[in-house]
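First the structure, in the form of structure tokens, and then the observations on it.
Number of protein chains: 2
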Amino acid sequence: MKVTILGCGVVGSSWAVVFARAGNDVLIHDPQTASAEAALDFVRKTDAEAAKRCSIAPDLETALKGADYVQESAPERLPIKQALYRQIDALLGPATVVASSTSGLPASAFTEGLTHGARYLVAHPINPPHLIPLVELIPAPWTSPETLAFVGDLMRSLGQSPITLAREINGFVVNRLQSALLGEAFRLVEDGICSPTDVDLAISEGLGLRWCFLGPFATIDLNAAQGIKEYCQNLGPMYFGLAQEQADPREWSPDLVARIEADMRALVPLSDLPSRRYWRDGFLAELVRAKRAIAEGLNT
Amino acid sequence: MKVTILGCGVVGSSWAVVFARAGNDVLIHDPQTASAEAALDFVRKTDAEAAKRCSIAPDLETALKGADYVQESAPERLPIKQALYRQIDALLGPATVVASSTSGLPASAFTEGLTHGARYLVAHPINPPHLIPLVELIPAPWTSPETLAFVGDLMRSLGQSPITLAREINGFVVNRLQSALLGEAFRLVEDGICSPTDVDLAISEGLGLRWCFLGPFATIDLNAAQGIKEYCQNLGPMYFGLAQEQADPREWSPDLVARIEADMRALVPLSDLPSRRYWRDGFLAELVRAKRAIAEGLNT
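Here the protein sequences come in this chain order: A and B. Just so we're aligned, residue 1 is where the first sequence starts under the UniProt record's numbering, counting upward by one. Just so we're aligned, residue 1 is where the second sequence starts under the UniProt record's numbering, counting upward by one.
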């Protein structure tokens, strides 16, 4: 398949790896040629074999020509997306599908009124997509079911794990789930219940170990003899009580953020953040490999 | 150290493994002798070497005599705990510390007015503790700082990861965090945004991969060039908007639970739940090993 990467920041560069390592021909384009070159460099360093299938397109017209699929990862500013999609719309071939990596803008906000609306949608990865499989697909009201099905199949062919939302919603699914957890995390620290580091441990040495291979529903399904129905009967009232206490939206005050930041900086100084990110990506890569090996080992 | 396990269900049996494999002498007691024998059997199957340090105490008095530490995992019913702690209080040696595994009852509800209140607290594990390191320590208002420090050190000596709450709070920390995530998960399904299976994938193939080794704060700290402060400046307003939408506590209706249950049963039939739990525990054991190996490999 012929795939085009538009926009070559961290997300676009990682997407280039995803498409090229699965055997697709990848054209990379960014208005800043240096960014496109940096992305190609990133692919070379990450997967030299895959990089042989990547090349740089000098302009948008060349980038789109003959493309089956376009993954757009331009900056997260609405006017930029709107202008870009107007350009894309004028150049688009008869069957090309275009997905945006945006984490916050619904496709309806930048594809309304365009000619090829049925072939635009959001395909939001968790960064970086070459390490984390989850991709959420969010249709605009005018995205066709065929487009959604095509992108779902494409993502699975790449080894990604797509989920499909029925409609646009603020934060999509991933950031809504993260928001719920972060809201309580900030509240626990603000209320003096425990330290930021202890909240992090509650997840990384506790709940996160299950959530790394079982979702929240599958987790509780295993925590009652007769499964999730019994679990909800027994604990539903307790959780409803907690939900009422947690219906308490708060802004993250500068003071609170400063307290949490102090804990974070004690663990990782500001100057070490780049190397810590490199460490995280290495950890993620090994973790995903280990997860697969464990799943295969237990199934045999 | 001499450790006593009171109550021999799933939690107590797993605790016996935790204490015995770390080299402690473990006395096991349950009013039902068959339960104590089943617990000893569980230790034998899990760690035969550790089981050599375990024995069964025929009655509560023998169980408590000379114990340095007691981990109580009796049934989660307040009158049972209250009666048990009155018995314990009458028999307790001059330095023994007693921690309850309760996931929902604060220690103040069953230790008020007793003689040795300073040496009672909650030490709530995530099930099963021999596989998941996190333990939350929750003091009653009368628990002494020395008791808290002693149990924290003891847990670390066992290879567990203790966190300490400043005071009693409904759901403690772990279930409050789980409640926040579950609340949004149920809401997304109820509102028809996506299927239960897709919510699970959003975590198990997405956010959960990071949360398995980075807590929620450490995760976002790495997601902005200048760390968590910049992240909160950029995205705080977006998350506050989501938090306001999520301040919408709902009971889990039987209809909603039935829909989710249908998805779960399609993946794992009811009759397969016991073997699925065995699979989960095997997965957890391998995952914790893999996490340690990855951390060590990346640090060298």
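Note that CB positions come from ideal geometry on N, CA and C, so glycine has one too. Note that the structure is a prediction, hence the values are computed from the model and not measured.
- Check the DSSP bridge columns for residue 28 of chain A and list the partner residues they point to. According to DSSP, residue 28 of chain A shares a beta bridge with A:5, A:56.
- Cross-chain neighbours of residue 298 of chain A in chain B, by beta carbon under 8 Å: Correct list: 279, 282, 283, 286.
- Item | Contact list for the region 161 to 190 of chain B against chain A, Cβ threshold 8 Å | Going along the region 161 to 190 of chain B in chain order, one finds 161, 163, 164, 165, 166, 167, 169, 170, 171, 173, 174, 175, 176, 177, 178, 179, 180, 181, 182, 183, 184, 185, 188 with a Cβ nearer than 8 Å to chain A.
- Looking at the structure shown, is residue 43 of chain B part of a helix, part of a strand, or coil, going by DSSP? DSSP places residue 43 of chain B in the helix class (H, G or I) of the three-state scheme.
- Query: Looking at the C-beta of residue 120 of chain B, does it have a partner C-beta in chain A at a distance below 7 Å?
  - Reply: The Cβ of residue 120 of chain B sits no closer than 7 Å to any Cβ of chain A.
- Report yes if the CB atom of residue 194 of chain A is closer than 7 Å to the CB atom of residue 138 of chain B, and no otherwise. The answer is no: Cβ separation not under 7 Å.
- Proximal residues to residue 386 of chain A (C-beta, below 6 Å), its chain only, five neighbours per side dropped: One cannot answer for residue 386 of chain A here, as it falls past the ends of chain A, which runs 1 to 300.
- Tell me whether residue 55 of chain A is buried or exposed, calling it buried when 16 or more other Cβ atoms sit within 10 Å of its Cβ. That one is exposed.
- Task: Measuring only between beta-carbons, confirm whether residue 198 of chain B sits less than 7 Å from chain A.
- Result: Output row for residue 198 of chain B: interface = yes.
- If you draw a straight line from the alpha carbon of residue 169 of chain B to that of residue 192 of chain A, how long is it in whole angstroms? Their Cα atoms are separated by approximately 11 Å.
- Task: Determine which residues share a DSSP beta bridge with residue 116 of chain A and list them.
- Result: Answer by DSSP bridge pairing: none, since residue 116 of chain A is not bridged.
- Tell me which same chain residues have a C-beta within less than 8 Å of the C-beta of residue 276 of chain A, skipping the five on either side of it? Taking C-beta separations shorter than 8 Å and ignoring five residues to either side along the sequence, the partners of residue 276 of chain A in its chain run 268, following chain order.
- Message: Rounding to the nearest angstrom, what Cα-Cα distance links residue 188 of chain A and residue 199 of chain A in this structure?
- Response: Spanning the two alpha carbons is a distance of roughly 8 Å.
- Message: Count Cβ pairs between the region 89 to 97 of chain A and the region 6 to 26 of chain A that sit closer than 8 Å; are there 3 or more?
- Response: Not touching, per the Cβ criterion.
- Query: Does DSSP classify residue 137 of chain B as helix, strand or coil?
  - Reply: Three-state result, residue 137 of chain B: strand.
- Query: beta strand (DSSP E) containing residue 99 of chain B: first to last residue?
  - Reply: From DSSP, the beta strand (DSSP E) with residue 99 of chain B extends over 97 to 100.
- Query: Helix, strand or coil: how does DSSP classify residue 122 of chain B here?
  - Reply: Reduced to three states, the DSSP call for residue 122 of chain B is strand.
- Task: Starting from residue 161 of chain B, follow the alpha helix (DSSP H) in both directions and report where the run begins and ends.
- Result: First-last for residue 161 of chain B: 161 to 164, but that is the beta strand (DSSP E), not the alpha helix (DSSP H).
- Cβ-based neighbour list, residue 227 of chain A, same chain, cut-off 8 Å, excluding 5 preceding and 5 following: If we look at residue 227 of chain A and ignore the five residues flanking it on each side, its Cβ neighbours are 221.
- Which chain B residues sit within Cβ distance under 7 Å of residue 229 of chain A? Per Cβ cutoff of 7 Å: 257, 261.
- Message: Taking 8 Å as the cut-off, does the region 239 to 251 of chain A touch the region 233 to 253 of chain B (at least 3 CB pairs, one atom from each stretch)?
- Response: Three or more Cβ pairs closer than 8 Å define a contact, and the region 233 to 253 of chain B meets that threshold against the region 239 to 251 of chain A.
- Message: Tell me the rounded alpha-carbon separation between residue 159 of chain B and residue 292 of chain B.
- Response: So the alpha carbons of these two residues sit roughly 12 Å apart.
- Going along chain B in order, which residues have a C-beta closer than 9 Å to the C-beta of residue 71 of chain A? What residue 71 of chain A touches in chain B: nothing, since even the nearest Cβ is about 18 Å away.
- Could you give the DSSP three-state label for residue 70 of chain A: helix, strand or coil? It is a strand residue.
- Message: If we require 4 or more residues per run, which alpha helix (DSSP H) segments fall completely within the region 238 to 294 of chain A?
- Response: Segments of the alpha helix (DSSP H) lying fully in the region 238 to 294 of chain A: 254 to 267.
- Hey, is the region 101 to 110 of chain B in contact with the region 171 to 180 of chain A, meaning 3+ C-beta pairs nearer than 8 Å? Three or more beta-carbon pairs separated by less than 8 Å are not found between the region 101 to 110 of chain B and the region 171 to 180 of chain A, which leaves the two stretches without contact.
- Task: If I'm right that residue 290 of chain B touches residue 295 of chain A with Cβ under 8 Å, what's the distance once you round it to whole angstroms?
- Result: Residue 295 of chain A and residue 290 of chain B do not touch by the CB rule: their CB atoms are close to 12 Å apart, not below 8 Å.
- Since residue 97 of chain A and residue 119 of chain A are thought to touch, with beta carbons under 8 Å apart, how far apart are those beta carbons, to the nearest angstrom? A Cβ-Cβ distance of about 5 Å is found for the pair residue 97 of chain A and residue 119 of chain A, placing them in contact under the 8 Å criterion.
- Rounded to a whole number of angstroms, what is the C-alpha to C-alpha distance between residue 172 of chain A and residue 131 of chain B? C-alpha of residue 172 of chain A to C-alpha of residue 131 of chain B: approximately 33 Å in a straight line.
- Query: Can you find a CB in chain B that lies within less than 7 Å of the CB of residue 1 of chain A?
  - Reply: By this cut-off, residue 1 of chain A is not an interface position.
- Task: Consult DSSP for residue 129 of chain A and reduce its assignment to one of helix, strand or coil.
- Result: Residue 129 of chain A sits in coil when the DSSP states are folded into three classes, being neither helix nor strand.
- Message: Is the beta carbon of residue 8 of chain B closer than 7 Å to that of residue 30 of chain B?
- Response: A contact, by the Cβ cut-off of 7 Å.
- Who are the neighbours of residue 240 of chain A on chain B, taking C-beta pairs under 8 Å? Going along chain B in sequence order, the residues near residue 240 of chain A (Cβ under 8 Å) are 249, 250, 251, 252.
- Query: Just the Cα atoms here: how many angstroms apart are residue 274 of chain A and residue 123 of chain B?
  - Reply: Those two C-alpha atoms are separated by around 37 Å.
- Query: For a contact meaning CB atoms closer than 9 Å, what does residue 42 of chain A contact in chain B?
  - Reply: Per Cβ cutoff of 9 Å: no residues; residue 42 of chain A is ~17 Å from chain B at best.
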